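This report refers to the structure that appears directly beneath it.
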Amino acid sequence: MSPLQPIVHAFFHADTHTFTYVVHEGRSAVVIDPVLDYDAAAAHVSSASADAVIAYVHEQRLTVEWILETHAHADHLSAGDHLRNAFGAKLAIGEGIVRVQSRFKALFGLGEEFVPDGRQFDRLLRDGDALHAGVMEIRAMATPGHTDDGLTYLIGDAAFVGDTLFAPETGTARCDFPGGDASRLYASIQRILALPPETRLFLCHDYPPASRGAEAQTSIPAQRHGNVHVKDGATEASFVALRTARDATLPVPRLLLPALQVNIRGGRLPPPDEEGVRYLRLPLNRFGA
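Note that the sequence shown covers residues 34 to 322 in the working numbering.
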């Protein structure tokens, strides 16, 4: 029997090169990797991008049952909590988030109000766990390497690969964040490339050249034959050497410090002080040269 072929509607957040997906079959839906808008110069948070997702869900008369994070993102703020409240849905992420939370609680010097045990999410997923939304079964496949908590979500013939693979001409995700590991990412990518060849692969990011627009979808044959970092024939040793050398040249992501403070909280902003003002922390001289 052919696998389910759910409808996948992509939203591209140009400022962070991020894709958010609404995946649905019948009236049931899930949202993957929603983005909260953030103006770093003004330290201003807004929800226009997430509200466009809400508008689409309402237009299609869908019921969102799960908000799914592929990992704790370092390049954008998550709108997971905003959409959880808007839809009355549940929020899930990989169980490795607990290790991510512990590392960044220490980095940011967070107090007793932040408990790094994953309680900020409704479900912590292990490799092989399954969720359901109507007739859709959502299977979690652990794909760490970029981060400890990386997951790929398998829904019918679609795989949402998070920060593992990029478009073939761009390659793969970096592995130099705390908890990152190029060998683990290589193994994770091999799991993805071993999926049925007709599987639709949906990217978390695209950084397109001037010759084309952003493309959400790629394929296993395209990755196996053309990925500049990990196409067929690339060994683990060659990939680790390439990835390590490349990562050493990359700048710190523009929104890493604000994003992780929000994303380890499941998309919640830090708690307000007695005046109702929320603050982000900036640990000095911990990243960069």
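Note that beta-carbon positions come from the ideal geometry of N, C-alpha and C, so glycine has one too.
In this text the structure is predicted, and so the values were computed from the model without any measurement.
- Of all C-beta pairs linking the region 259–279 to the region 131–141, fewer than three are shorter than 8 Å, placing the two stretches out of contact.
- Going by DSSP, A43 is part of the beta strand (DSSP E) stretching over 40–46.
- The beta strand (DSSP E) runs lying completely inside the region 245–276 and spanning 3 residues or more are 250–252, given in chain order.
- Between the beta-carbon of H262 and that of L275 there is about 6 Å, and that keeps the pair under the 8 Å contact cut.
- The region 234–247 makes contact with the region 186–194: 3 or more CB pairs, one atom from each, lie closer than 8 Å.
- By the neighbour-count definition (other C-beta atoms within 10 Å, threshold 16), T268 is an exposed residue.
- Annotation for L293: A105, A107, F137 place their beta carbon closer than 7 Å to its own, counting only its chain and skipping 5 residues before and after.
- Under the criterion of beta carbons closer than 8 Å, V68 and A112 qualify as touching, at roughly 6 Å.
- Secondary structure at L140: helix, using DSSP grouped into helix, strand and coil.
- In this chain, the alpha helix (DSSP H) harbouring F120 covers 113–120.
- In the assembly as shown, S271 is an exposed residue. Its beta-carbon has fewer than 16 other beta-carbons within 10 Å.
- Taking a cut-off of 8 Å for Cβ pairs, the region 78–94 and the region 113–123 touch, as three or more such pairs fall below it.
- In its chain, beyond the 5 residues on either side, G299, G300, R301 have a beta carbon closer than 6 Å to the beta carbon of D114.
- S80: not part of any alpha helix (DSSP H); DSSP gives it neither H nor E.
- Beta-bridge pairing by DSSP links T205 to L198.
- With distances taken between CA atoms, H57 lies nearest to V168 out of A255, L184, Y219, V168.
- Counting along the chain, the unbroken beta strand (DSSP E) around S61 starts and ends at 61–65.
- Selection T53, R156, G204, F320 evaluated against A85 yields T53 as nearest (Cα-Cα).
- With respect to L158, T103 sits apart: the two C-beta atoms are not nearer than 8 Å.
- A residue is called buried once 16 or more other Cβ atoms fall within 10 Å of its Cβ, and A76, having fewer, is exposed.
- Of all alpha-carbon atoms in D150, P254, G213, the one lying nearest the alpha-carbon of V273 is that of G213.
- Under the 10 Å beta carbon count, D265 is surrounded by fewer than 16 other beta carbons and is classified as exposed.
- Shown here, E58 sits in a strand according to DSSP, grouped into three states.
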